[in-house]
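The next block holds one structure in the form of structure tokens; read it before the comments.
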Amino acid sequence: MQQEQDESFGLGVRHLTVRLSDSNAKWREAYLLEEARIRNALGPLALDIQHFGSTAIPGIKAKPIIDIMIGVPRFEDGLACVKPMEEIGYDYAGTDMVPDDHLFGRGITGETRTHLAHVVEYQGFNWRRNIFFRDRLQNDPALALAYEELKIGLAQKFAESRAAYTGAKKDFIDKVLAEGGLA
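This is the structure:
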């Protein structure tokens, strides 16, 4: 059932690779369904849950992976999320890939990612910077288009290395964040 739903929303990218898809209005619905599952699993531990990343920006190409940010009272509380998140199909990837994020992935199979959940301190630095970046792109179509153009070129160059693709976007993201005093 869950796999069929993910596929009907056009979700899924082979783990560690890059593939962009055209914007899909169903991504918002996919996020809302997943948010409800996570809220049910984590209860009051999740102070807030937000859709972020490129699938949250209408009209731009994105990796068809739903990025979810879960705000908890303290960063250390992320460890209390491991068991409930595993119970709803997420693998815990630890905190090494993204500093101050407890990262969780879910997929159609062990090789395909459909959702990434970042558990961070609510209103902490990572929370504020991710929300700021998302909101800037949602509210500035020219900036969103510039970001999309960058992503298209980088996806071609780094199709087999998601880490290199992500790293190559850093300067653009940092410049946007610096405008908001968040770099």
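Offset between the sequence shown (1-based) and the working numbering: plus 965.
Cβ atoms here follow ideal geometry from the backbone N, Cα and C, with glycine treated the same way.
These numbers come from a predicted model, not from an experiment.
Taken atom to atom, the span from the alpha-carbon of Gly1072 to that of Gly977 is near 7 Å. By the criterion of at least three beta-carbon pairs nearer than 8 Å, the segment 1110-1124 is in contact with the segment 1021-1029.
Secondary structure of Leu1119 (DSSP, three-state): helix. In terms of Cβ geometry, Ile1033 and His980 do not form a close pair [threshold 8 Å]. Under the three-state reduction of DSSP, Arg1078 is assigned to strand. For Ile1096, the uninterrupted alpha helix (DSSP H) run begins and ends at Phe1090 to Asn1104, by DSSP.
The residue among Ala1143, Ala1021, Asp1100 and Leu985 with its C-alpha nearest the C-alpha of Glu1125 is Leu985. In this structure, DSSP gives Ser973 a helical state, which the three-state scheme calls helix. With fewer than 16 other Cβ atoms from the protein chains shown falling within 10 Å of its own Cβ, Lys1135 counts as exposed. Within a 10 Å sphere around the beta-carbon of Lys1116 sit 16 or more other beta-carbons, which makes this residue buried.
The beta-bridge partner set that DSSP reports for His980 is empty.
Between Leu1012 and Gly1036, the beta carbon gap of about 5 Å places them in contact (Cβ cut-off 8 Å). In the three-state scheme derived from DSSP, where H, G and I count as helix and E and B as strand, Ala1011 is classed as coil. Within the segment 1022-1070, the complete alpha helix (DSSP H) runs of at least 4 residues fall at 1047-1052. By alpha-carbon distance to Asp987, the top candidate from Ile1096, Glu1114, Val1047 and Val1085 is Glu1114.
When secondary structure is reduced to three states using DSSP, Ser986 falls in the strand class. Phe1040 places its beta carbon 8 Å or farther from that of Val983. Taking Thr1077 as reference, the option from Tyr1057, Leu998 and Pro1029 with the minimal CA-CA separation is Pro1029.
Counting other Cβ atoms within 10 Å of its Cβ, Ala1021 reaches 16 or more and is therefore classed as buried.
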